Amino acid sequence: MGNSYQNFKGRLSSINEYTQSKEFTKYSGKILFFHVKAKKINEYVPVFWKLKGFIRISVYEIGEESDPRRSLKKKLSISNTNRIYELLMHMKFASSLSPTTMLNENECSICLERLADTILPCHHSFCHRDIHEWEKRQNTCPICRRPINLNNSFTDLAESFEDIQNEIDNCLSEIISLIN
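What the sequence shown shows, in our numbering, is residues 35 to 214, in sequence order.
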């Protein structure tokens, strides 16, 4: 996504959608709500939104349905909000992986011969050998050109179901530390 205010609001919408889902609540035990408040006149927000202190992102923890009150958790910076978005999208992707999804016999999109055993955060999969060779030349996904970091990929998925749960737990821990 670009750097426009509309894109940022889209990210906040995605954050709210996921942090209020049953899936997120199952992992975290929390329902969160992120809200942007501008300190200045709203018509200037799309132009000056990146200036330090111009907007505030407030995180609220929403009570259960029987007690729907909101309590303010923290006010976040734009960079912390963007980091939470990245962690949530990674967590959402990791939680969508099921044993049947992971064990499907998909062939590598690079060599078209071997089993794709490495899934990148952008959801594209490749064989371990080819994606490591690719990363030596390019630091983007061969399909969508998003930046890649093989440390954030899932490798040898048939043998690492616990790694996925650990990845979800790590993402959640970092999110909780950012909002507390």
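Each residue gets a CB set at the ideal place from its N, CA and C atoms; glycine is no exception.
Nothing here was measured: the structure is a model prediction, and the numbers come from that model.
- Taking all protein chains shown into account, Ile210 has fewer than 16 neighbouring C-beta atoms within 10 Å of its C-beta and is therefore exposed.
- For Ile49, the enclosing alpha helix (DSSP H) has its first and last residue at Tyr39 to Thr53.
- Non-local beta-carbon contacts of Trp168 in its own chain, meaning distances under 8 angstroms to residues more than five positions away in sequence, involve Ile144, Phe160 and Pro176 in chain order.
- By the neighbour-count definition (other C-beta atoms within 10 Å, threshold 16), Ser47 is an exposed residue.
- When DSSP states are grouped into helix, strand and coil, Glu147 belongs to the coil group.
- A distance of 9 angstroms or more separates the beta carbons of Ile118 and Leu154.
- Here Ser92 is bridged, per DSSP, to His69 and Lys109.
- Residue state for Ser129 is assigned as helix, using DSSP reduced to three classes.
- Apart from the 5 residues on each side of it in sequence, Met125 sits with its Cβ closer than 6 angstroms to the Cβ of Ile202 and Cys205 in its chain, given in chain order.
- Going by DSSP, Trp168 is part of the alpha helix (DSSP H) stretching over His162 to Arg171.
- Within the same chain, Phe58, Leu122 and Lys126 come within 7 angstroms of Tyr52 by CB-CB distance, once the 5 residues on both sides are set aside.
- DSSP places Lys56 inside the alpha helix (DSSP H), whose first and last residues are Lys56 to Ser62.
- Residues of the same chain with a CB within less than 6 angstroms of the CB of Thr152, apart from the 5 flanking positions on each side, are Phe160, His162, Ile165, Ser187 and Thr189 in chain order.
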